[in-house]
Amino acid sequence: MRKQRIQERSLIGMLITLGVVYGDIGTSPLYVMNALINDAGQLKNATPDYVIGSVSLIFWTLMLITTVKYVLIALRADNHHEGGIFALYALVRHRAKWLIFVALIGGAALLADGTLTPAVTVTSAVEGLKGLPKLGAFSQYPWLVPLTVTVILLVLFMIQGFGTAVVGRSFGPMMLLWFTVIGIFGLINISQAPVILKAFSPVYAVQVLFNPANKMGIFILGSVFLATTGAEALYSDMGHVGKANIDATWPFVYTTLILNYLGQGAWMLTHYQDAAWRNATNVNPFYAMVPAGGQIAMIILATAAAIIASQALITGSYTLVDEAVGLKFLHV
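The sequence shown maps to residues 1 to 332 in full-length UniProt numbering.
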């Protein structure tokens, strides 16, 4: 991958940022609320207090970990406009050389994530196409799934050689559409149950940890923290797109994500006692809150977004290896 630095804030820079940085964290709404329903057992067990508290935990997790930790603090700790854990280590290595062990552990974790995520994410996205009647061949011929995944991954990695700008321009419009759509559907469902707006209060986030409906106790945070998956890409990909473009795009991304989580919570509040849903064990409110006529289009859009989600970690892994070579951790 050719690194093309985009330091100045610009519309094209922000579009590239959407395509390169936010794919992973942007697709978290596909599974976070579904995981929280599974933690409760069934949708009927997801009481209003449980739902509002869970959404409140998501809101404050994204606020504290992603917004405060990464956007407001970490992005200011750059090393010649480079981000990532090795860039951070380079700033302090002369005063605390022992931190090399911490840096190597963190770097290994991110590289492992970057190795596994593309394969797992693309496979999950392609398997999701089995639910489309017009694409029944994926169910009839199971070998089509690994073949399709292999082709997609080959194309995904082949285009990396064109550089960050080309990749971002290709993926950016799709991610812009993705965030806009999930924000709109979230807003529509919020209007049907405005009580979900109570989730902005941290009181509900604390209360749900001790709520009888919360069978997981504090371990519910394991599902909640899925909402921050890919947050590290905001820092590690800074050298590709520039902190100015991340600062400019994160408010939009954050707003649409929160609207969607609130919308999913609102859908749960209005349907947890419905006979058609209350005993269901595998409910995904992300798709359920979309009108029947738009679900096929949403599945296709979600599949495309899930494939693009790999890009954030691919770019981050490249940055990591590049910095490791510069610090002489690796030799090429």
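Here a beta-carbon is modelled for each residue, glycine too, at the ideal position from N, C-alpha and C.
Please read these numbers as outputs of a predicted model, since none were measured by experiment.
Assigned secondary structure, residue i (DSSP; H/G/I helix, E/B strand, else coil)
{"i": "Glu127", "result": "helix"}
{"i": "Glu82", "result": "strand"}
{"i": "Gly87", "result": "The sequence shown places Ala at residue 87, not Gly. Helix at Ala87."}
{"i": "Glu8", "result": "coil"}
{"i": "Ala213", "result": "coil"}
Range covered by the alpha helix (DSSP H) that runs through residue i
{"i": "Ser223", "result": "221-224"}
{"i": "Ser54", "result": "48-61"}
{"i": "Leu18", "result": "11-20"}
{"i": "Lys268", "result": "Looking at the sequence shown, residue 268 is not Lys but Met. That run of the alpha helix (DSSP H) goes 243-271."}
{"i": "Ala233", "result": "233-236"}
{"i": "Leu72", "result": "Premise fails: Leu72 is in no alpha helix (DSSP H) and is neither H nor E."}
{"i": "Ser170", "result": "164-190"}
CB-CB length for residue i against residue j, believed under 8 Å
{"i": "Leu62", "j": "Ala227", "result": "6 Å"}
{"i": "Gly263", "j": "Ile188", "result": "7 Å"}
{"i": "residue 334", "j": "Ile196", "result": "Because residue 334 is not part of the residues shown, which for the chain are 1 to 332, the question remains open."}
{"i": "Ile16", "j": "Val241", "result": "6 Å"}
{"i": "Pro48", "j": "Leu269", "result": "6 Å"}
{"i": "Tyr22", "j": "Val325", "result": "Not a contact, Cβ separation roughly 27 Å."}
{"i": "Phe185", "j": "Asn260", "result": "7 Å"}
{"i": "Asn245", "j": "Arg9", "result": "6 Å"}
Beta-carbon proximity of residue i to residue j, cut-off 8 Å
{"i": "Gly83", "j": "Ser236", "result": "yes"}
{"i": "Ser56", "j": "Pro202", "result": "yes"}
{"i": "Ala35", "j": "Tyr50", "result": "no"}
{"i": "Ala90", "j": "Leu320", "result": "no"}
CA-to-CA distance, residue j to residue i, given in whole angstroms
{"i": "Ala302", "j": "Ala233", "result": "20 Å"}
{"i": "Leu257", "j": "Val122", "result": "21 Å"}
{"i": "Thr150", "j": "Asn214", "result": "40 Å"}
{"i": "Pro285", "j": "Trp267", "result": "7 Å"}
{"i": "residue 355", "j": "Leu147", "result": "What the structure shows of the chain is the stretch from 1 to 332, and residue 355 is not part of that stretch, so it cannot be assessed."}
{"i": "Asn45", "j": "Thr229", "result": "26 Å"}
{"i": "Ser139", "j": "Arg95", "result": "58 Å"}
{"i": "Trp143", "j": "Ile159", "result": "25 Å"}
{"i": "Val92", "j": "Ser124", "result": "40 Å"}
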